[in-house]
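Working notes for the structure below.
Protein chains in written order, with the numbering used here: chain A, 39 to 308; chain B, 791 to 1116.
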């Protein structure tokens, strides 16, 4: 029976992965198209990469996005890890249910809803306290941390659950203070999860259009906002070039994280 | 060895004391550290996620105005001694009475539902094949499913704009094969939105399904085969029912975010593709009607909470049933 299903399985896999990767390949392929009409092949060229480097608006949007993504990912890792520790290592405490609801609901909340609610909060705060004076990088970052920290919580939580807590208990029995246990035992063990969480948070923030559009202000355009305003007008070969660069960076970063993860997994199982 | 570590000795002595009186656990998890660990995320998410939802609810009862910010205050003080609270229900009334909003809600449910079904139809065979692969290969296959999810959804949706265009590669291929005579108009239709949602959310369907199918005991299928069941009978009577939790989890993970999706219907859909996420965006950015946008958001929240509660209910019932069977 198994032999007869093998070709079918192979066919399913090939179809599935073709569906997943052909659009990305087409994006990359057309970035090297000399023609301005994106889907009509006009010969090989790298001119759009050059044009990309000349594009001031895209570059400054990229800079804003990188700042926001770096800040949000870092803050999200701190907050998300604290939440994950609270949910897995502190047993029962008052507010546990609230914490678990607060860290899971943003994951299923539509982005338009997250964006609108964050904006209305900032507007209300401004009316009451005069802060934030102007919306921009700070407000986008805060709104991104809400979403990103929940993803970090999920990742770190699953790592903490997999992990044997006997090492931590042994350290505590030997008299190590909780903070010491955390920094000397727990942190090194969950470091790959923190890295993965940071990367996921970074890419989520870098990719986000909707929340940023709501919480941004004049002068703080992020990369997806800039891309969206161009894409609405139609295809643009420069965007293909940009996409190719982003895909390249993300793939390399992801492969590296995966390798680190696997290496530590092997160490833990050996 | 040479010097005595007095603080450490003291610490050990106190620990022994505490251990004797059985209060060691509290001492080790010092309450202060605990409040700090739990308090930081609670405070942050409370202030920047929970409070904003309440503000959205509040502003959904306001009236749009030409002021800055563009809505009226609920509380007003006409004179020294009186404070009046004005709740404007007109936003909800409009959502209830105007057929535009009704059809937007209905078509959001419809588009999200159809897309979820399509994602299941494509995702299930894929997940099944991945779950059947050898362990080493399975990890790589799973990584390859997740990889596209890490690149921007905006850019992946943009990729489909190119593919589905009248002069795009899909139409060129179909024309070249002689399957069609005139290019199919797929871009800017609901079909394009379905494709976009299936493509963007496929990993969310595949991951829970693989997690579930991996645990399926092959002995059950062998037993069915030994008893004379055809493979497809065994599949529909054993594999599918046993993977129901995975099917439900995957479908919820696709259906819920698809309901509020903005980017996909905006870029791939036509001008008449109505979805609530897009409607909220238009009310907010184009019409600057913040109170109405807030009311749309509240209704959308209800639409999302209801399936979740239903999901919870089904899960506990399912769990209760297996408990009974034991």
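Backbone N, C-alpha and C fix where the C-beta goes; we use that ideal spot for every residue, glycine too. Here the structure is a predicted model, which means the values were calculated and not measured.
Assigned exposure category for residue 838 of chain B - 16 Cβ within 10 Å defines buried: buried
Please state the DSSP three-state secondary structure of residue 154 of chain A. helix
Do residue 193 of chain A and residue 102 of chain A have their C-beta atoms closer together than 8 Å? no
Could you spell out the range, first to last residue, of the beta strand (DSSP E) harbouring residue 858 of chain B? Per DSSP, residue 858 of chain B belongs to no beta strand (DSSP E) and is neither H nor E.
Name, in chain order, the residues that DSSP records as bridge partners for residue 866 of chain B. B:874
Which residues in the same chain as residue 816 of chain B place their Cβ atom closer than 8 Å to its Cβ, once the five residues preceding and following it in sequence are excluded? Bear in mind that the predicted position of residue 816 of chain B carries a pLDDT of just 44, short of 50, making it unreliable; the figure below should be weighed with that in mind. For residue 816 of chain B, where only same-chain residues beyond five positions count, there are no Cβ hits under 8 Å.
By Cβ distance, which residues of its chain are closer than 8 Å to residue 241 of chain A, with the 5 residues on each side in sequence left out? 107, 288
Once the 5 residues before and after residue 254 of chain A are set aside, which same chain residues still bring their CB inside 8 Å of it? 173, 174, 177, 178, 260, 263
According to DSSP, is residue 881 of chain B helix, strand or coil? helix
Would residue 864 of chain B and residue 875 of chain B qualify as a contact pair, given that the criterion is a beta-carbon distance under 8 Å? yes
Please classify residue 52 of chain A as buried or exposed, where buried requires at least 16 other C-beta atoms within 10 Å of its C-beta. exposed
Tell me whether residue 148 of chain A is buried or exposed, calling it buried when 16 or more other Cβ atoms sit within 10 Å of its Cβ. buried
Following the continuous alpha helix (DSSP H) through residue 1056 of chain B, name the residue where it begins and the one where it ends. 1053-1058
Within the continuous alpha helix (DSSP H) that includes residue 915 of chain B, where are the two ends? 889-922
Taking residue 1048 of chain B and residue 905 of chain B to be in contact with their CB atoms under 8 Å, please state how far apart those CB atoms are, rounded to whole angstroms. 5 Å
Would you tell me roughly how many angstroms separate the C-alpha atoms of residue 922 of chain B and residue 991 of chain B, rounded to the nearest one? 22 Å
Over the uninterrupted alpha helix (DSSP H) stretch that includes residue 185 of chain A, give me the two end residues. 175-200
Applying the 10 Å Cβ sphere with the 16-neighbour rule, what's the burial state of residue 59 of chain A? exposed
If we define contact as Cβ-Cβ less than 8 Å, is residue 131 of chain A a contact residue for chain B? yes
Under 8 Å, do residue 772 of chain B and residue 1059 of chain B count as touching if we go by C-beta distance? Outside the displayed range of chain B (791 to 1116) lies residue 772 of chain B, so it cannot be described from this structure.
Run through DSSP, which three-state label would residue 71 of chain A get? strand
Name, going along the chain, the residues of the stretch 62-73 of chain A whose beta-carbon falls closer than 8 Å to a beta-carbon of chain B. 62, 64, 65, 68
Cβ-Cβ separation, residue 99 of chain A to residue 186 of chain A (assumed contact under 8 Å), whole Å: Their Cβ separation, rounded to whole angstroms, is 19 Å, which puts residue 186 of chain A and residue 99 of chain A out of contact at 8 Å.
Buried or exposed: which applies to residue 246 of chain A, given that a residue is buried once 16 or more other Cβ atoms fall within 10 Å of its Cβ? buried
Chain-ordered neighbours of residue 955 of chain B on chain A, where CB pairs are closer than 7 Å: 77
Is it the case that the Cβ atoms of residue 1000 of chain B and residue 917 of chain B are separated by a distance below 8 Å? yes
On the CB-based measure, 16 or more other CB atoms within 10 Å of its CB, does residue 1063 of chain B come out buried or exposed? buried
With DSSP run on the structure shown, which of helix, strand or coil describes residue 82 of chain A? strand
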